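Input: a single structure, listed below in structure tokens.
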Amino acid sequence: MLGKTVQEINVGDKADFTKSITGYDVYSFAGVTGDFNPAHINTEFASETSFGKTIAHGILSIGFISNVLGTQLPGPGSITVGQVCDFRKPVYIGDTITANVEVTKKDEARNRVWLHTWCTNQRGEIVVDGEAKMMPVTKKPAKL
Amino acid sequence: MLGKTVQEINVGDTASFTKSVTEYDVYSIAGITGDFNPAQINTEFASETSFGKIIAHGILSIGFISNVLGTQLPGPGSIYIRQVCDFKKPVFIDDTITAIVEVTKKDEAKNRVWLRTYCTNQRDEVVVDGEAIMMPCRRKPDKA
């Protein structure tokens, strides 16, 4: 159940997660964060924007990245130190988004791992691109 | 209803949003993103971590920042270009989190605004610190 230690992680290691975006996701996310930006929850407003229809919150895609970091690589017990995300293209309801992470660097002495983190849509277009700095788990908690 | 244009925004402008974090928020984010990291949804696991109890997803705090950017400053019609965030301290259930954005730079020719984006807890400790780059709305959509 516990994630990998910095010693168990290698540059080039990868993991991913894929989910199709529903209206439920966007409206739930708005409800939890209070982010009722009309671009996400007002179809009339959105029809007049450059995107032409409502788009998902960018943070939803970051959530999928956080999912992969926290449950797979480095996995449970790791701590997210910092993240950078560039929003490249809009994500629409009905899009199928894949969050990818790939280890680019590690520092065993400081217990840090750097990962390229990005999301693609069903056409293979990069919608979010960025980097995460993680602190992998250092020791196994006693109860695990 | 529409947000500010780059001409209407000034360096030093600030906006904020405050919410107390509940278990509902954390479990909803887990359900929406698939981020079932045990640090967030397993009290037994969390009791053995350095935090001692379950913590909220970092993206919940980023969601509050996105809320302020998308609904207040620059506001509706703006486009999210980049978010950088450093996670400084854990956010626990029942913490009251304030997301604050402050304009640090603008470029009218390129229609870009830079903001310091950070979250504090009820003890005024900075829990998330970072920067956002936004493209404010350029013209008023006809129906807005």
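Chains as they are written, first to last, in numbering that gives the first Met the number 0: chain U, 0 to 143; chain G, 0 to 143.
We put the beta carbon where it would ideally sit given N, CA and C, even for glycine.
These figures come from a predicted structure and were not determined experimentally.
Pick out whichever of U:Asn36, U:Thr53, U:Leu59 has its Cα sitting closest to the Cα of alanine 98 of chain U. U:Leu59
To the nearest whole angstrom, what separates the beta carbons of isoleucine 96 of chain U and threonine 21 of chain U, a pair I think is in contact under 8 Å? 11 Å between Cβ atoms; not a contact.
Please list the terminal residues of the continuous alpha helix (DSSP H) segment that includes glutamine 82 of chain G. Where glutamine 82 of chain G is concerned, there is no enclosing alpha helix (DSSP H), although the beta strand (DSSP E) it sits in stretches over 78-86.
Distance between beta carbons of lysine 3 of chain U and leucine 72 of chain U, contact taken as under 8 Å: Yes, leucine 72 of chain U and lysine 3 of chain U are in contact; Cβ-Cβ is about 7 Å, under 8 Å.
For glycine 76 of chain U, the nearest candidate out of U:Glu7, U:Thr137, U:Asp12, U:Ile64 (CA to CA): Measuring C-alpha to C-alpha distances from glycine 76 of chain U to each of U:Glu7, U:Thr137, U:Asp12, U:Ile64 identifies U:Thr137 as the nearest.
Would you list the residues sitting across from glutamate 132 of chain G in a DSSP beta bridge? According to the sequence displayed, residue 132 of chain G carries isoleucine and not glutamate. Isoleucine 132 of chain G pairs with G:Arg81, G:Trp113.
My parser needs the beta strand (DSSP E) runs of 3 or more residues fully inside the segment 5-51 of chain G; what are they? 13-19
Determine, for glycine 51 of chain U, whether the minimum Cβ-Cβ distance to residues of chain G falls below 7 Å. Chain G, which has no Cβ nearer than 7 Å to the Cβ of glycine 51 of chain U, makes this no.
Considering Cα atoms alone, identify which of G:Cys84, G:Met0, G:Leu59 is closest to isoleucine 31 of chain G. G:Leu59
Which of helix, strand or coil does DSSP assign to glutamate 101 of chain G? Under the three-state reduction of DSSP, glutamate 101 of chain G is assigned to strand.
With 16 other Cβ atoms within 10 Å as the buried cut-off, status of alanine 55 of chain U: Residue burial annotation: alanine 55 of chain U is buried, with at least 16 other C-beta atoms found within 10 angstroms of its C-beta.
Output the distance between the C-alpha atoms of glycine 62 of chain U and serine 49 of chain G, rounded to the nearest integer angstrom. 23 Å
Could you tell me whether the Cβ of serine 27 of chain U comes closer than 7 Å to any Cβ of chain G? Closer than 7 Å: yes.
Could you tell me which residues DSSP puts in a beta bridge with threonine 95 of chain G? G:Ser19
Determine the contact status of isoleucine 28 of chain G and arginine 81 of chain G, defining contact as a CB-CB distance below 7 Å. no
Using alpha carbons as the reference points, say which of U:Lys18, U:Val5, U:Lys105 lies closest to asparagine 120 of chain U. U:Lys18
C-alpha distance - threonine 13 of chain G paired with lysine 52 of chain G, whole-angstrom precision: 33 Å
Per-residue burial, lysine 109 of chain G [other beta carbons within 10 Å of its own, 16 or more giving buried]: Its Cβ having fewer than 16 others within 10 Å, lysine 109 of chain G is exposed.
According to DSSP, is aspartate 24 of chain U helix, strand or coil? helix
Is threonine 32 of chain U helix, strand or coil by DSSP? helix
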